[in-house]
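Residue numbers (the numbering used here), protein chains in the order written: chain A, 1 to 479; chain B, 1001 to 1246. Everything below concerns the one structure shown next.
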Amino acid sequence: MTPVLTESIDLFFNARSVAIYGASASQNSVGQAIVQNFIKPQYTGKVYGVNPKYTQVLGIPCYPSLQEIEGPIDLVVVAVPARITPRVFDDIAAKGSKAVIVISGGFSETGPRGAEIEDEVVAIAKKNNMRIIGPNCVGVVDTNSHIDTFFLPEYRCGRPRPSNVANISLVSQSGAFAAAISDWTAELGLGISKLISLGNKCDVDDDDLLCYLGDDSTTQVICYYTEGYDESKGRTFFDTAKTVTPNKPVLVVKSGRGTRAKAASMSHTGSLAGSDNVADAAYRQAGIIRPDNFEQMFDMAKALAMQPPAKGDRVLMVTNGGGLGVMTTDALEASGFNIPHPSPELENRFNERLPAYCAVGNPIDVVGDANSSRYNIVFEEAIASGEYDIFVVGMLLQTPSLDMDVTNVIANHQRSSGLPFVVVSMGGGFTTKAGEIMALMGVPTYATGEKAALAAKALAQYGEIKYGAKFNKTVASDK
Amino acid sequence: MKEAKKIFKTAREEGRTFVLEHEAKDIMKAYGIPIPAYATASTADEAVEKSKSIGFPVVLKILSKDILHKSDAGGVKINLKDENAVRKAFDEIMENAKKYGKEHGIEVDLSRGVFISDFADMGTEIIVGVTKDPQFGHALMAGLGGIFVEVLKDVSFRLIPFTEMDAKEMLSELKAYKILEGVRGEGPRDVDALIKVMLAVSKMIEENPEITELDCNPTFVYEKGKGAIVVDARILIDCPEKDSTH
C-alpha cells in the first residue's frame, strides 16, 4: 500500500486530461464511442483525439501524435490495432503520460504473436513508469469524475450512478460482464463508484486495485469477478485482502469452481486439493465473502454498503404477514442465524403495548391491520432490551392500514440504534416504489424473504470478519 | 531447520524428488511432531535387534530410492509380533523388491535395507497434508481418513501460514467434526494435539518452501489427553534443475 502505487492508479479515475488514441469519425466504431463518452458535459477535464486522419472528431481537436498536444496528458486510451501499439507506446512514453488503458484486443489472449506484442508494450511501460490497464478490456467507468472508456453506447448499455448513501466498486476480469453489470446496476439503482475491467491484466491487476479501492473514500464495498490469478498472484491478492477486509467488505465471485484443473499429483493431498478448494479457503482466511453468483453478490453488496455489520447473530423478524414471517425465518435459520424467542420480560412489554391478537414470538407478527405505530412499539422495546443484533422487517404494503410513515419509523430506529436493518417488501408497482424510497433512506429492501435473509447473512458474516472474537456468536456453527 | 535442508540436499544429489521414510520421520521429529519409534536396518539380524529395542509388534517397509509406492512393490509388512516374523518379513521384502525391479526393468538399490517402526495403536484416522497451488502457494489440508476423505471428500484447507484459530475453524468446518468431539459413547478426541501437528507442519513448510506436497496419512488421534501420532509421512520436493532419473 505504498503512496506511489495509489497515486499511479489514481490517474485512471481522476485524469484531468485524456487523449483517445484511435479517435474516429466513423459511426459505431470503438474510437468514436469512447469520444462520445468524454464529450458529455459531466466530464470536466480536457479531451483530445489522436489520429492522423482527422483534425477533429465530434468537435474535439485531433492530432497526428501526442507530441502536438500542448500541455500534459494524464491518461491515454488506446483503441488502435495491436500491431501498431508498440509505436503508440513510444509516443506515450515521449509525451510523459503515466496511465494507459489499452482497449484493443489481439494480444496474449490470441496466441504467441500477440503475447510478443504485449511483452513489448509492457517493457516500454516499465521503463517509463507507466501503468497499463488491459489490453483486451473495456476500461473504467468512474461515476464521480465521469471518466468513461466503455465503448458501448449509452442507449444500449446504461451507466450506473453514484448514491449519496454508499457506493460499490466492481473489478471484473471480463469486459462483457463489466458492461452487463454497468447496464444492470443502472437499472437496479445501486450506488456505484467505479467499474473496472481488467482484461489481460498485463500490468494493473486485482491486487493493485484492491490496494487502491481499500483506501478510496468513495468506495464502501469492493466487488470482484475473477476467473483466476496469474502464478502466485492469488497469494499477493490474499495478503492485501487480509489488510483491507477489517475495514471494508470485499466480495469475490470466482468462476472455475470445477475440478478440471487438478494437476497430476503424487500425493493424496494434491489429488484432493483442486484449485477451487484452495481458493475458497484463501478467501475465507482473508475475510473475503464469496457469493455464488452476481445476483447474490449485489444483494449482499447493497446491504453491506448501506448498513453497519451485525455485532452478533441474534435476529428478530418483524412482520405484518404470517407467511412472509415464516418463510423469511426459515431462510434465516438455514443461514445459521439464532432466532431467539423474546425473554419473558420483553414478551410482557410487547403484550402490554400491542393488541392481544398480535402473535408475540420470533417472528413477531403485528398482523394485517397494523399501522406504523405497531412497528414503532416493537422496535422501541426490542432495541431497548438488547436481545437482538439485527432486524429483518417484513413490510407488506398491500394492506390499507399500513401507512407510508413505516419507512420513517424503520429508518429512524435504524439510525438511532446503529443496529443493522434489512427490509423485505413483496409486491408489485406500489411496493417497488416504496422499496426504492426505503433504500433512499438508507435501509436496503428486497423483494423476497430469501434475498433479505442472504443480505442479513452478509451483514453477520462481515461482522464476524470485522469483529473476530468479539462477534457475539450464540449458535454453534455446523457447516 | 538444518536437519531438513541436509535431507533435501541428499535427496537431490541422488536425483530424487521424494524423501525416504526415515528421512521424512527425521524431519517430523525435528519439528516436534509425534511419530512412532523407528529405526533402519540393512540386514535381517539388524532388523531383529532393532525391532526388539522398539518393542513388538512392529512394521517393516522397504527403504529404497527406487521405490516410491512401497505397497505396490510388496515392500510393506505390518503387525510383526516376534523375531521370526521380522526375519521372515525382511527376506520377503528383499525378494519382492528384486522381483519388482526385474518386472520394471530397473536396478533396485537395496543397500539401505528396511525401515522399522512401532506398530501404532489404532486411533481416529486423520489425514493432514500440504499442496502447493500455482495461484495461492502452499495450503494445508485436514480431514478425517477412510471413507470421509475417499468418498465424501470431507476436507478443509487453509493457506500456510495460519493461526491456531484458523486451525480450529478448519476442523470445525469438517462435516465429520462431531466425530472429533465424541459421538455414540466415544469420548472426545485430542483435538489440541492434532492442532499442534497442523501448526508444526505449517512451520515446516514456511521454513522449507521447496516442499511441494506432503501427506501425514494416516495420523492417529487418540482420546483427549492421549495425543496424536503421525504414522506415515510422505514428503515431495521440487527439483531445482530438471534431472533425469527414470
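A virtual CB, placed ideally from N, CA and C, is assigned to each residue, including glycine.
Original post:
Between S232/A and chain B, is there a C-beta pair that is closer than 8 Å?
Top reply: yes
Subject >> Outcome for D1045/B when other beta-carbon atoms lying within 10 angstroms are tallied against a minimum of 16 >> reply: Classified as exposed, D1045/B has fewer than 16 neighbouring CB atoms from the shown chains inside 10 Å of its CB.
Original post:
Under 7 Å Cβ-Cβ, which residues of chain B neighbour Q285/A?
Top reply: R1158, L1159, F1162, D1166
**OP:** Just tell me which of G463/A, V252/A, G114/A has its CA closest to the CA of R314/A.
**Re:** G463/A
**OP:** Give the residues from the region 1062-1093 of chain B that approach chain A closer than 7 Å (Cβ to any Cβ), ordered along the chain.
**Re:** none
Original post:
Any Cβ of chain E within less than 8 Å of the Cβ of D1232/B?
Top reply: No chain E appears in this structure, whose protein chains are A and B.
Subject >> Under 9 Å by beta carbon: chain B residues contacting F391/A >> reply: The premise fails here: F391/A is roughly 28 Å from chain B at the closest Cβ pair, so nothing lies under 9 Å.
**OP:** Would you mind stating whether L346/A and D389/A have Cβ atoms separated by less than 8 Å?
**Re:** no
Subject >> DSSP-derived helix/strand/coil call for R235/A >> reply: Correct three-state label for R235/A: helix.
Original post:
Which residues, in order along the region 212-243 of chain A, keep a beta-carbon less than 8 Å from a beta-carbon of chain B?
Top reply: G228, Y229, D230, E231, S232, K233, G234, R235, F238
**OP:** Anything in chain A within Cβ reach of D1154/B, meaning under 9 Å, just list it in chain order.
**Re:** Those do not exist, as D1154/B stays about 10 Å from chain A at its closest Cβ, beyond 9 Å.
Subject >> Three CB pairs or more closer than 8 Å across the region 351-361 of chain A and the region 283-302 of chain A >> reply: At 8 Å Cβ cutoff, the stretches do not touch.
Subject >> K1168/B, DSSP secondary structure in three states >> reply: helix
Subject >> Continuous beta strand (DSSP E) stretch holding E1213/B: start and end >> reply: 1211-1221
Subject >> the region 124-137 of chain A / the region 199-212 of chain A touching (three or more Cβ pairs under 8 Å) >> reply: yes
Original post:
Does the region 1137-1148 of chain B come close enough to the region 1112-1119 of chain B to have 3 or more Cβ pairs within less than 8 Å?
Top reply: Judged by pairs of C-beta atoms under 8 Å, the region 1137-1148 of chain B does not touch the region 1112-1119 of chain B, as fewer than three such pairs exist.
Subject >> Length of the line joining the Cα atoms of L1068/B and K1061/B >> reply: 11 Å
**OP:** Please check if any C-beta of chain A sits within less than 8 Å of the C-beta of P1188/B.
**Re:** Chain A, which has no Cβ nearer than 8 Å to the Cβ of P1188/B, makes this no.
**OP:** Take P64/A and list the residues in its own chain whose beta-carbon comes closer than 7 Å to its own, dropping the five residues that flank it on each side.
**Re:** The answer, listed in chain order, is P52.
Original post:
F1136/B: which of A384/A, C137/A, N277/A, V76/A sits nearest, CA to CA?
Top reply: Closest in alpha carbon position to F1136/B, among A384/A, C137/A, N277/A, V76/A, is N277/A.
Original post:
So what does DSSP say about C211/A, is it helix, strand or coil?
Top reply: helix
Subject >> Proximal residues of chain A, C-beta to C-beta of F1136/B below 7 Å >> reply: G234, R235, F238, V278, A279, A282
**OP:** Would you please state the rounded distance, in angstroms, between the beta carbons of S1042/B and R1112/B? I believe it to be under 8 Å.
**Re:** 7 Å
Subject >> K302/A vs P444/A beta-carbon contact at 8 Å >> reply: yes
Original post:
Are three or more beta carbon pairs between the region 1084-1103 of chain B and the region 1021-1038 of chain B nearer than 8 Å?
Top reply: Contact fails: fewer than three Cβ-Cβ distances are below 8 Å.
Original post:
Hey, is A1139/B's beta-carbon within less than 8 Å of any beta-carbon in chain A?
Top reply: yes
**OP:** Would you mind working out which of F337/A, I101/A, I147/A sits nearest P41/A, comparing C-alpha positions?
**Re:** I147/A
Original post:
With which residues is N338/A paired in a DSSP beta bridge?
Top reply: Answer by DSSP bridge pairing, in chain order: R314/A.
Subject >> Residue(s) in a DSSP beta bridge with K1115/B >> reply: The residue you asked about is not Lys; residue 1115/B is Phe in the sequence shown. Paired residue(s): T1040/B, K1061/B.
Subject >> DSSP beta-bridge partners of G191/A >> reply: Beta-bridge pairing links G191/A to R161/A.
Original post:
Is the CB-CB distance between A1085/B and V1231/B below 8 Å?
Top reply: no
Original post:
D405/A: buried (16+ other C-beta within 10 angstroms of its C-beta) or exposed?
Top reply: exposed
Original post:
From which residue to which residue does the alpha helix (DSSP H) around N348/A run?
Top reply: 344-353
Original post:
What residues are listed by DSSP as bridge partners for C223/A?
Top reply: L170/A, L251/A
Subject >> Continuous alpha helix (DSSP H) assignments of at least 4 residues falling wholly in the region 1135-1199 of chain B >> reply: Counting whole runs of 4 or more residues, the region 1135-1199 of chain B contains the alpha helix (DSSP H) stretches 1147-1150, 1164-1172, 1177-1181.
**OP:** Could you tell me how far apart the beta carbons of G394/A and T328/A are, in whole angstroms, since I believe they sit closer than 8 Å?
**Re:** Approximately 6 Å separates the beta-carbon atoms of G394/A and T328/A; this is inside 8 Å, confirming the contact.
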